[in-house]
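With mature numbering (1 follows the signal peptide of the UniProt record, and there is no 0) applied, the sequence shown covers -25 to -1, 1 to 345.
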Amino acid sequence: MASHSGAFSLVALCLLLEVVLRGAAETLVPAVFVFGDSMVDIGNNNFIEKCDIGCKANYPPFGIDYLNHTPTGRFSNGYNLADQLAQLLHFDESPPPFLSLSNASVRTRMSMGVSFASGGSGLLDATGNGPCTQVFSMTEQVRNFTMLARKWGRADLISKSLIFISTGSNDLFEHTDFPDHNCNSNDTEFLQSLVASYRSFLKDLYGAGAKKFSMVSPSLVGCCPSQRAIAHDPKNPRDIDDFGCLAAANNLSRQLYPMIATMLHDLSLELPGMKYSLVDSIKIAEWVFYNTVIPNYDFTVLDWACCGGGPFGADGCNASATLCQNRSNHLFWDDYHPTTAATGVAAKLIFNDTTGLFVHPINVQQLVEM
């Protein structure tokens, strides 16, 4: 562990500095368009009637630290990663959920951004439809954006705006948690199918005018409280890694990241003007595990959910669930999602990491200045 602390100490020094002073109300990009899963969903699932209640977050105690303690559909105790990155770009918060907008208002909102993200969705169309019954798939997210972009006819503004994507984790969860459903696919074939889907989505977004992409890779998904509970189930224990996490899930994450990185490098050479910033969420998770005391943060609970009962607090977050008193020292809010404190650390690294440890080949601040 000592070898990691030396390399990571540079980041702690960086976080001692202010990220950016907010200027007069000018945003750093014309708009932000958000795609992906529950890490960045701010309420699209609220408007999907058939979506299971377990894949919604529009009830207490979700949002307990949001404005007026309001549950909005964010899978968090407060702001989520999309909000926090948007704030670093000088927006008030994430753009609104697409499914909340009328046909008339959505075209107006395009000039400032829209969130298409849906909790439970993944890179594959089938992902989420089992656990959630129905989600807003990545295919549907990208299709709706491209149709709106072409009707809007402002490719100049879209090319200057930021496309922010967080996806892939749910595909890994389902592949690991329901192995019987994937008996005809080995891990390599499965991961290749994810990368192929990702590449196709990016090409479609580029074809609609997008040029600047920030993508968050799946983190150590086996370290979520839900996956720790699976790994440590006394009736059916699974292999664990050095962090006490579900090894099979984390192995998939570790294999997927370099595949995504290679795909993005090759795609940027193929598509003129495409620029990107890829977040290595695995490195961020490792850094937190090795350095729990981070400037302005003190993560002392890394395995248990703040909201939830049962082993590792993994029984789910609802109005009757046990709630921790100090949410700022927990890495995880519920059985799958990080706390606002944790995503706040990640957002700052995504925006202005200069060490090269966490974002490649450039950070978001550099990306939006191009």
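Backbone N, C-alpha and C define an ideal beta-carbon position, used for all residues, glycine too. Just so you know, these numbers come straight off a predicted model, no measurement behind them.
Out of Phe326, Cys282 and Val170, which has the shortest C-alpha to C-alpha gap to alanine 61? Cα-wise, what sits closest to alanine 61 is Phe326.
For a test of the three-state rule: what should DSSP assign to proline 286, helix, strand or coil? Residue state, collapsed to three classes: helix.
On the three-state DSSP scale, how would you describe tyrosine 251? It is a strand residue.
Pick out the complete beta strand (DSSP E) segments inside the region 179 to 225, 3 residues or longer, and give them in chain order. Entirely contained in the region 179 to 225, the beta strand (DSSP E) runs reaching 3 residues are, in chain order, 187 to 191.
In chain order, which alpha helix (DSSP H) runs of at least 4 residues are fully inside the region 80 to 158? 113 to 127, 130 to 135 and 144 to 152, all fully within the region 80 to 158.
Give a yes or no on whether the C-beta atoms belonging to glutamine 59 and threonine 318 are separated by under 8 Å. Yes, the pair counts as a contact, with Cβ atoms nearer than the cut-off.
Aspartate 278: first and last residue of the uninterrupted beta strand (DSSP E) it sits in: 276 to 280 is the extent of the beta strand (DSSP E) around aspartate 278.
Below 8 Å on the Cβ atoms is my contact criterion, and I expect serine 96 with aspartate 12 to pass it. Report the Cβ-Cβ distance as a whole number of Å. Their Cβ separation, rounded to whole angstroms, is 5 Å, which keeps serine 96 and aspartate 12 in contact under 8 Å.
Within a Cβ cutoff of 7 Å, which residues of the same chain sit near asparagine 104, ignoring the five residues on either side of it in sequence? Within the same chain, asparagine 104 has close Cβ partners Val110.
Should asparagine 20 be flagged as near chain C, meaning a C-beta pair shorter than 8 Å? Protein chain content of the structure displayed is limited to a single chain, and chain C is not contained in it.
Going by DSSP, name the residue or residues bridged to leucine 324. Bridge partners of leucine 324: none, in fact.
Distance, leucine 74 Cα to serine 295 Cα: Near 29 Å, if we compare the C-alpha coordinates of leucine 74 and serine 295.
Which one or two residues does DSSP pair with aspartate 273 in a beta bridge? Val268.
Segment contact, 8 Å Cβ cut-off, at least three pairs: the region 170 to 179 with the region 207 to 224: Contact between the region 170 to 179 and the region 207 to 224 is absent, because fewer than three Cβ pairs lie under 8 Å.
Which of helix, strand or coil DSSP assigns to histidine 312: Coil at histidine 312, not helix or strand.
Using a threshold of 8 Å, state whether the C-beta atoms of lysine 250 and lysine 186 are closer than that. Annotated as proximal: lysine 250 and lysine 186, with beta-carbon spacing under 8 Å.
Where does histidine 44 land, buried or exposed, given buried means 16+ other C-beta within 10 angstroms? Exposed.
If we ignore side chains and look at the alpha-carbon of each, how far apart do cysteine 30 and cysteine 292 end up? Cysteine 30 and cysteine 292 have their C-alpha atoms spaced approximately 11 Å apart.
Kindly list the residues whose CB is nearer than 6 Å to the CB of residue 350, restricted to its own chain and excluding five residues on each side of it in sequence; keep chain order. This structure cannot settle anything about residue 350, because the visible part of the chain is limited to -25 through 345.
Whole angstroms is fine: what's the gap from aspartate 208's alpha carbon to isoleucine 133's? The alpha-carbon of aspartate 208 is positioned some 48 Å away from that of isoleucine 133.
Straight-line gap, tryptophan 279 to alanine 316 (C-alpha atoms, nearest Å): So the two alpha carbons sit approximately 15 Å from each other.
Quick one, are the C-beta atoms of asparagine 52 and isoleucine 39 less than 8 Å apart? For asparagine 52 and isoleucine 39, yes; Cβs fall inside 8 Å.
If you check the beta carbons only, do phenylalanine 307 and proline 200 fall under 8 Å apart? Contact: yes.
Residues in the same chain with beta-carbon distance under 8 Å from valine 334, minus the five sequence neighbours each way, listed in chain order, please. Excluding positions up to five away in sequence, the list reads Ser252, Leu253, Val254, Asp255, Leu324, Ile325 and Asp328.
Does glutamine 300 pass the burial test, meaning 16 or more other C-beta atoms within 10 Å, or should it be called exposed? By the 10 Å Cβ count, glutamine 300 comes out exposed.
Span separating the alpha-carbon of glycine -3 from that of lysine 25: Here the model assigns glycine -3 a pLDDT of 40, short of 50, so the residue's position is not dependable, and the following value carries that caveat. Going by the C-alpha atoms only, they are around 43 Å apart.
Can you tell me which of the three DSSP states histidine 240 falls into? Shown here, histidine 240 sits in a helix according to DSSP, grouped into three states.
What residue does the alpha helix (DSSP H) around leucine 306 start on, and which one ends it? For leucine 306, no alpha helix (DSSP H) run applies; the uninterrupted beta strand (DSSP E) run containing it begins and ends at 305 to 307, by DSSP.
In terms of DSSP beta bridges, what is leucine 76 paired with? Paired residue(s): none; leucine 76 is not in a bridge.
Whole-angstrom distance between phenylalanine 176 and threonine 267, CA atom to CA atom: About 36 Å.
Check leucine 3 in the structure and name its three-state DSSP category. Look at leucine 3 here: in three-state DSSP terms it is coil, with no helix or strand label.
So for glycine 18, helix, strand or coil by DSSP? Here glycine 18 sits in coil by DSSP.
Considering Cα atoms alone, identify which of Asp27, Leu137 and Gly18 is closest to phenylalanine 66. Out of Asp27, Leu137 and Gly18, Leu137 has the C-alpha closest to the C-alpha of phenylalanine 66.
Got a sec? Which residues, its chain only, sit under 7 Å from glutamate 1 by beta carbon, not counting five neighbours each side? Around glutamate 1, the same chain offers His65 as residues with beta carbons nearer than 7 Å, after the five sequence neighbours per side are excluded.
Based on the DSSP output, what are the partners of histidine 335 in its beta bridges? According to DSSP, which records beta bridges pairwise, histidine 335 is partnered with Leu253.
C-beta atoms of phenylalanine 139 and alanine 32 nearer than 8 Å: The criterion of a C-beta distance shorter than 8 Å is not satisfied by phenylalanine 139 and alanine 32.
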